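K.L.:
Which chain is which? The protein sequence lines are A and B, in order. The first sequence begins at 1 in our numbering and counts up one residue at a time. The second sequence begins at 512 in our numbering and counts up one residue at a time. Quick reminder that beta carbons are idealized off the backbone N, C-alpha and C, glycines included. Fair warning: this is a prediction, and the values are worked out from it, not measured in the lab. First the structure, which I've put down as structure tokens, then a few questions once you've had a look.
Number of protein chains: 2
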Amino acid sequence: MTCYRGFLLGSCCRVAGGRAAALRGPGAGGPAARPRLGGDGGGRRHLGQGQPRELAGCGSRPDGGFRPSRVVVVAKTTRYEFEQQRYRYAELSEEDLKQLVGPGSAPLRSRARPGLWWLLRPLGRDLSGQLFPGHRRCPSCLFRGPQLALKGSSYSGLLERHHIHTKNVEHIIDSLRNEGIEVRLVKRREYDEETVRWADAVIAAGGDGTMLLAASKVLDRLKPVIGVNTDPERSEGHLCLPVRYTHSFPEALQKFYRGEFRWLWRQRIRLYLEGTGINPVPVDLHEQQLSLNQHNRALNIERAHDERCEASGPQLLPVRALNEVFIGESLSSRMSYSWAVAVDNLRRSIPTLKGLASYYEISVDDGPWEKQKSSGLNLCTGTGSKAWSFNINRVATQAVEDVLNIAKRQGNLSLPLNRELVEKVTNEYNESLLYSPEEPKILFSIREPIANRVFSSSRQRCFSSKVCVRSRCWDACMVVDGGTSFEFNDGAIASMMINKEDELRTVLLEQ
Amino acid sequence: MTCYRGFLLGSCCRVAGGRAAALRGPGAGGPAARPRLGGDGGGRRHLGQGQPRELAGCGSRPDGGFRPSRVVVVAKTTRYEFEQQRYRYAELSEEDLKQLVGPGSAPLRSRARPGLWWLLRPLGRDLSGQLFPGHRRCPSCLFRGPQLALKGSSYSGLLERHHIHTKNVEHIIDSLRNEGIEVRLVKRREYDEETVRWADAVIAAGGDGTMLLAASKVLDRLKPVIGVNTDPERSEGHLCLPVRYTHSFPEALQKFYRGEFRWLWRQRIRLYLEGTGINPVPVDLHEQQLSLNQHNRALNIERAHDERCEASGPQLLPVRALNEVFIGESLSSRMSYSWAVAVDNLRRSIPTLKGLASYYEISVDDGPWEKQKSSGLNLCTGTGSKAWSFNINRVATQAVEDVLNIAKRQGNLSLPLNRELVEKVTNEYNESLLYSPEEPKILFSIREPIANRVFSSSRQRCFSSKVCVRSRCWDACMVVDGGTSFEFNDGAIASMMINKEDELRTVLLEQ
């Protein structure tokens, strides 16, 4: 059962390992979640809910089994591949890469290799699109290669992780083909809507990041998305199958066929954008990793610009949040920074890099609009409740101890304040922040709320079914699952809610 | 007395108005602070501490009075001036500025003014140094002018605030000259070390941001820095004199002469940087507001690069933190983003825009090194304890209520849990986060700590006299008072401590 809970609470997680384990104890899903934590039974119940016909459409069988005939495997881009691309654009050879990325332990900048140093300048242009646009883009900043050595991830290290990943991807593909399943292997860039339409099921071969990517393009609630962790020694993969199936994928397939699993329907958040000057065009932040094609970017911007001008009523955005939506001022451009400073000068000079304050108005569950100022907003799903949202909301043992001591004094209690009680209270409080991925509700949190005469911060967090936010920001963005960003500046209004149609169909498999 | 406490706790504050007032109650300075909260007496005691000779040197008199003969007035750049500069660089006339900034209430992007639209493109190049480098630098993002209207800060509004500020600055200058004091009026850009050396005292005419700027160049603990809030209706000015002196500055001067004030010695944090590839060259974030000269930037970078190569043992950085030092991954460049993504792919794909996780090791008060992962680190002074640090550490009434309810259940207490108790506990806890600007200690806080197998988060915050941080970041920066930034990437080690020599000498004046 525990593994089910663990799974149910899986998320692209910033609370991993021991901690996470602790959080997966009874009740971690929250009382409301329990009725749906029924293991296989739950799954069958789901399948029994008058969906067989639909399900058949995507390879499901009446007995709850599942046999896809066309599968797309989305493989992550390994760090090694990323390095390779960078150096290729810097017109460096594989040899240079070896030299630059390692195995030496001293950073290049302290070695006598000025030649290569300047050779990397063009890289600066390719990647950032400008020549030394600022202090952190000077050759030595641009040039992280040498630092890899310090991190102990030398060239051979990168290559090793890359081979492990590749081997595991091949194992998945072979297993599928051996079952006569048609397979398409794609990388981030080739993964598009057409490929999704073609497939009966999507397999994310990587970690949680790859799972988020794979899910981002699947809007059909009946198309299963299955995550396989291709580097189990190094990553958690909370959204992936139990690690043992990484090496024995055929066994997983057999269980799919026999229905020895349950469907886990992860709720997702949908977003509507309306107001003045909105820009419904998503920006794939990952695509900007190498920012290779200035032209495409320019075109994209033109498009964005055109659509912006046509923008009218509420527009449903083309993404669904599996983990969360983050809204806040952005530091992603010097431009934004300069503006922030200008605004700050006007507004009590809150230094931008002190966690640029975001201004907006919020309405929860169609309630009254409330002015807010904070370091941002986080709206998460049950899946995301264990991710960033958890770190925003959880209390430290230290704080709980202090609070209880104060209460003890203030209320003259004869409260026996021992370590054990403090731990128990801390854990229960923090576990109350987690809930089942299947629960159709949003956990809305205000990050570092700033209270003053103008801005209230009545509720720092609450569960809700709908949240509307009116931007008063200058260079803010609305980021979905850390991968897709939308401009969200003054005049824009976002409405976020959970809709059953947006469920992501994933698989829950026993350890 | 209250006003004194209010002052003692003054800071470039994100906790303003009513809230702040509430925080200024008895004990707000923390028990340890009380001995030094003695009002004038305290000031005299300070002056009596064998310093009269030194003090005479900067216009202080044995009776505790203070009469400077040369004063530099640092005036803030108003939003209006900022707009003017931008539009001048966009080759737009004052008329265009009027048209663009307002008074219209609809954003230009929805008006038919394409001509001007494209006219602004060159601005895009000037400001960001590249043509459409990304979604948020497309013409419509670049172009904030129209949005001012939505904020109700039309051209006339900006002009009005500008005139109010200017009038108040003139009043200060006239008051000083009437007393035969030699005055130099400077803007941010003209404010340099030479000017500071020339003056007996520095007056910051603006808000808290201007006070932070003025203080940033004063390393001489005997040179007084006095803040005057030049827009009291719109800003708090926690680091400034009580607002009434804005309009009656001569009265303030008389009190200085007669010693009817006390010196407030605000402690500051000094920073040492050592390790591989460090760059001791500060980057003035405000200077980058308009980023006008690519060449200067390039030169600056060369310089930075050279010094980087020479960097060896611990180097004392040329700034002191009055409010705080923030350390964390930066989102200030696409480059950093791309790298962060690469690193994240390797490290459990924590999406960058989910509050990029920072990796580092910490040693508090020369204790053992501890690996940490979080959304950043904040090290504040007593002055800054009411600023960002407060928002990072304070607990919400809601959380306290939940914690007490859990404790009540867990410990089967007959605790009468009423609103009043919860409020009292919440306030006492939050007030315990504040301490006197004169206390020589650092409040060290971890922002959204991430706990897992590798990373502990034993202490989320603590008071300390020295904190060392070893960076494991990829594109991090160390930001002092939100105004000065230093690269802080893998290989760099920062040591931060409080040293009496770094005190900032400010004035505490009765309401």
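1) With respect to the beta strand (DSSP E) encompassing residue 715 (chain B), which residues constitute its N-terminal and C-terminal limits?
2) In whole angstroms, what is the alpha-carbon distance linking residue 165 (chain A) and residue 75 (chain A)?
3) Am I right that residue 763 (chain B) and residue 738 (chain B) are in contact with their C-beta atoms under 8 Å? What's the rounded C-beta distance?
4) Return the residue from the list B:911, B:954 and B:944 that minimises the CA-CA distance to residue 937 (chain B).
5) Using a C-beta to C-beta distance shorter than 7 Å, which residues of chain A count as neighbours of residue 783 (chain B)?
6) Using the Cα positions of residue 883 (chain B) and residue 358 (chain A), report the straight-line distance between them to the nearest angstrom.
7) Taking C-alpha atoms, which residue in A:201, A:168, A:177 and A:213 lies nearest to residue 189 (chain A)?
8) Along the chain, where does the alpha helix (DSSP H) containing residue 245 (chain A) start, and where does it finish?
9) To the nearest angstrom, how far is the alpha carbon of residue 496 (chain A) from that of residue 503 (chain A)?
10) Assuming residue 395 (chain A) and residue 430 (chain A) make a contact with CB atoms under 8 Å, what is their CB distance in whole Å?
11) What does residue 913 (chain B) reach in chain A if we use C-beta pairs closer than 8 Å?
12) Roughly how many angstroms lie between the CA atoms of residue 731 (chain B) and residue 1012 (chain B), to the nearest whole one?
13) Could you name the residues of the same chain whose beta carbon sits closer than 6 Å to that of residue 480 (chain A), not counting the 5 residues immediately before and after it, in chain order?
14) Could you tell me whether any Cβ in chain B is nearer than 8 Å to the Cβ of residue 459 (chain A)?
15) By a C-beta neighbour count over all protein chains shown, 10 Å radius and 16 as the cutoff for buried, is residue 1022 (chain B) buried or exposed?
16) Quick one: using the 10 Å Cβ neighbour count with 16 as the cut-off for buried, is residue 508 (chain A) buried or exposed?
17) Assuming residue 162 (chain A) and residue 80 (chain A) make a contact with CB atoms under 8 Å, what is their CB distance in whole Å?
18) Among B:719, B:588 and B:695, which has the Cα closest to the Cα of residue 669 (chain B)?
19) Name the chain A residues that come within less than 7 Å of residue 936 (chain B), Cβ to Cβ?
20) Of all the CB atoms in chain B, is at least one closer than 8 Å to the CB of residue 329 (chain A)?
21) Between residue 66 (chain A) and residue 177 (chain A), what straight-line distance do the alpha-carbon atoms span, to the nearest angstrom?
22) Give me the chain B residues within the contact set of residue 361 (chain A), using Cβ-Cβ distance strictly less than 7 Å, ordered along the chain.
23) Is the Cβ of residue 740 (chain B) closer than 8 Å to any Cβ of chain A?
24) Any heavy atom of the ligand ATP within a distance shorter than 7 Å of the CB on residue 997 (chain B)?
25) My guess is that residue 327 (chain A) and residue 959 (chain B) are in contact by the Cβ rule of under 8 Å, so how many angstroms apart are they, rounded?
26) Given a limit of 7 Å on CB to CB distance, which residues of the stretch 388–399 of chain A reach chain B?
27) What is the DSSP secondary structure of residue 883 (chain B), reduced to helix, strand or coil?
28) Taking residue 253 (chain A) as the query, report the chain B residues whose CB atoms sit under 8 Å from its CB, ordered along the chain.
29) Beta-carbon separation of residue 465 (chain A) and residue 498 (chain A) under 8 Å?
30) What residue does the alpha helix (DSSP H) around residue 156 (chain A) start on, and which one ends it?
31) Identify whether residue 267 (chain A) lies in helix, strand or coil by the three-state DSSP scheme.
32) Would you say residue 959 (chain B) reaches chain A, if we count a Cβ-Cβ gap shorter than 8 Å as a contact?
33) By DSSP's criteria, residue 1001 (chain B) is part of a beta bridge. Which residues make up the other side?
34) Mind checking who residue 839 (chain B) pairs with in its DSSP beta bridge?
P.N.:
Let me spell this out:
1) 712–717
2) 9 Å
3) Going by Cβ atoms, the distance from residue 763 (chain B) to residue 738 (chain B) rounds to 11 Å, so no, they are not a contact pair.
4) B:911
5) What residue 783 (chain B) touches in chain A: nothing, since even the nearest Cβ is about 19 Å away.
6) 27 Å
7) A:213
8) 244–247
9) 15 Å
10) 7 Å
11) 429 and 432
12) 8 Å
13) 319, 321 and 325
14) yes
15) exposed
16) buried
17) 4 Å
18) B:588
19) 403, 406, 407 and 410
20) no
21) 16 Å
22) Correct list: empty, because the minimum Cβ distance to chain B is about 12 Å.
23) no
24) In terms of ligand content, the structure shown is empty, and the ligand ATP therefore cannot be addressed.
25) So it is not a contact: roughly 16 Å between Cβ atoms.
26) 388, 391, 392, 395, 396, 398 and 399
27) strand
28) Within chain B, no residue comes near residue 253 (chain A); the closest Cβ sits about 25 Å away, beyond 8 Å.
29) yes
30) 155–178
31) coil
32) yes
33) Per DSSP, none; premise fails for residue 1001 (chain B).
34) B:988
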